[in-house]
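Residue 232 in my numbering is what sits at position 47 of the sequence shown, and the numbering runs on without skipping anything.
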Amino acid sequence: MGGFGSGWQELRSATVEDSYSLCLSDLRKQNLLVDGDINLGAWRWQSEYLREPLTLHFVTDLWHPSSACIHLAFERGGHPCVQKVSLESTRPNFGGHRWWFVCPILEPLGIIQRTTKLHMPPGSNRFGCRQAYGLSYRSCQESGCHLGFYRMMAAKTGLSLNEIRKELRNAYAP
186 MGGFGSGWQE LRSATVEDSY SLCLSDLRKQ NLLVDGDINL GAWRWQSEYL
236 REPLTLHFVT DLWHPSSACI HLAFERGGHP CVQKVSLEST RPNFGGHRWW
286 FVCPILEPLG IIQRTTKLHM PPGSNRFGCR QAYGLSYRSC QESGCHLGFY
336 RMMAAKTGLS LNEIRKELRN AYAP
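Quick look at the structure:
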């Protein structure tokens, strides 16, 4: 049967960290989600995870709350892309209201998926929710990547997997 290092060695699918992410809390912090207002803005992503920088121009339109949306304009692979994302608000029990993106990929299919973040993974030219793209978090995919090492250590030392984990945790605890 497989030895140390056997099994999958790489991340299985695209991750949130590999994607451009648009977050409602960032828009709110910059006062770009004001009822009755139309606001213009731009963001630029440039990080170690993302392959190419991206500049996103947007218009938040909350003039009529029933038709609130954000219009996105950006360029991917030398081609201009525009996208309209509906916004929906809910009223929390503690008062006020909370804005949500409605996933623009699932909405045409009749699925109303509210989310606070939209992502555009590598190879895509549209923002959508994590579920629409099947994105996971890098930490979820890495959670089992050391299992082969733990098994090898357990076999060489005669300790159980739990004892190996406990010893390593204690050795590197602050």
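Cβ atoms here follow ideal geometry from the backbone N, Cα and C, with glycine treated the same way.
Let me make sure I understand the geometry here. Which of the options has the alpha-carbon closest to that of residue i?
i, options, result
"cysteine 288", "Pro277, Phe312, Cys266, Leu212", "Phe312"
"histidine 316", "Gly308, Gly343, Thr300, Ser210", "At residue 316 the sequence reads glutamine, which differs from the histidine that was named. Nearest option by C-alpha distance: Thr300."
"arginine 229", "Tyr318, Gln268, Leu239", "Leu239"
"asparagine 216", "Ser206, Asp246, Ser345", "Asp246"
"glutamine 231", "Lys351, Gly333, Glu202, Gly280", "Glu202"
"tyrosine 318", "Leu218, Gly262, Gln298, Ile223", "Gln298"
"glycine 262", "Phe279, Glu237, Met338", "Glu237"
"asparagine 310", "Glu352, Cys266, Gly333", "Cys266"
For residue i, count neighbouring C-beta atoms within 10 Å of its own C-beta (all shown protein chains included) and say buried if the count is 16 or more, exposed if not.
i, result
"alanine 340", "exposed"
"alanine 227", "exposed"
"glutamine 268", "buried"
"leucine 346", "exposed"
"phenylalanine 286", "buried"
"serine 204", "buried"
"leucine 218", "buried"
Ordered along the chain, which non-local residues of its own chain (more than five positions away) have a Cβ less than 8 Å from that of residue i?
i, result
"histidine 242", "Leu225, Gly226, Ala227, Leu257, Ala258, Phe259"
"threonine 342", "Ile349"
"arginine 213", "Trp284"
"histidine 304", "Val201, Ser204, Tyr205, Ser206, Leu207, Phe312, Gly313, Cys314, Arg315, Tyr318, Leu320"
"tyrosine 322", "Thr200, Val201, Glu202"
Report all residues from its chain with a CB closer than 6 Å to the CB of residue i; omit the five preceding and five following residues, and keep chain order.
i, result
"alanine 199", "Pro306, Leu320"
"lysine 302", "Ser206, Cys208"
"tyrosine 335", "Leu346, Ile349"
Can you list, in chain order, the residues of its chain with a C-beta nearer than 7 Å to that of residue i? Leave out the 5 residues immediately preceding and following it.
i, result
"glycine 308", "none"
"cysteine 254", "Asp246, Lys269, Val270, Ser271, Leu272"
"methionine 186", "Because methionine 186 sits at a pLDDT of 49, beneath the cut-off of 50, its placement in the model cannot be relied upon, and the point is left open."
Throw me the rounded Cβ distance for the residue i and residue j pair, which I believe falls under 8 Å.
i, j, result
"histidine 282", "serine 274", "4 Å"
"cysteine 314", "leucine 291", "7 Å"
"aspartate 211", "proline 250", "With a Cβ gap of about 20 Å, aspartate 211 and proline 250 do not count as contacting."
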